[in-house]
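The sequence shown begins at 1 in full-length UniProt numbering and counts up by one. These notes are about the structure you will find just below.
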Amino acid sequence: LQSDLEYMDEQAERLASRQPQTTQQVRRDAIDNYRRANSALERCAYCFRDGRPPAASLVSLATKTYLALPSTEPLSPGHCLIVPAQHQLSMLECEDDVWTEVRNFMKCLLIMFHAQGRGCLFMETVLNLKSHRH
1 LQSDLEYMDE QAERLASRQP QTTQQVRRDA IDNYRRANSA LERCAYCFRD
51 GRPPAASLVS LATKTYLALP STEPLSPGHC LIVPAQHQLS MLECEDDVWT
101 EVRNFMKCLL IMFHAQGRGC LFMETVLNLK SHRH
């Protein structure tokens, strides 16, 4: 118990010594985040821009999501992408109706691969949440 109290005291001193950000620093950080997000949106191969479809090869289009082929080397035969139409950092940010469409695509893919006697693996890859990737 004594060591826990000492640890909390050390952390309290460290946190108390932190200087709060000035208004100018907060403003600069917000501007930098906005620029990074816009830059990522401009480069994103999966976003719909100005009514044009994304650069990725579309297989099927739903209301809030779409199924596409990867623009890079596929990991395995049958590799495809289920992508939200709106730019999202991860699937955890998606609304329930987007998740419903994703699950529908997943069910359809499972049925298709099962009919071919193949298995199916679903995964999400978010390498860096700060990079504003799709």
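Just so it is clear, CB atoms sit at the ideal spot from N, CA and C, and this is done for glycine as well.
Cutting at 7 angstroms between CB atoms, please list the residues of its own chain near residue i, excluding the five before and the five after it.
i	result
S57	A68, L69
H87	L41, C44, C47, H134
S71	A45, A55, A56
How many angstroms separate the CA atom of residue i from the CA atom of residue j?
i	j	result
D50	E13	52 angstroms
A115	F105	15 angstroms
A85	R18	41 angstroms
T100	I111	17 angstroms
P20	N33	19 angstroms
E10	T22	25 angstroms
P53	F122	24 angstroms
S90	A37	14 angstroms
F113	V26	50 angstroms
Short of 6 angstroms in beta carbon distance, which residues of its chain neighbour residue i, apart from the five on each side in sequence? Order them along the chain.
i	result
C94	P84, Q88
Bridge partners of residue i, per DSSP?
i	result
V83	Y66
Since residue i and residue j should fall inside the 8 angstroms C-beta cutoff, what is the C-beta to C-beta distance between them, to a whole number of angstroms?
i	j	result
I82	V102	5 angstroms
From the options, pick the residue whose C-alpha is nearest to that of residue i; which is it?
i	options	result
T63	D96, R118, G78, S90	D96
S76	R118, M91, S60	R118
C80	S90, M91, L109, L92	L109
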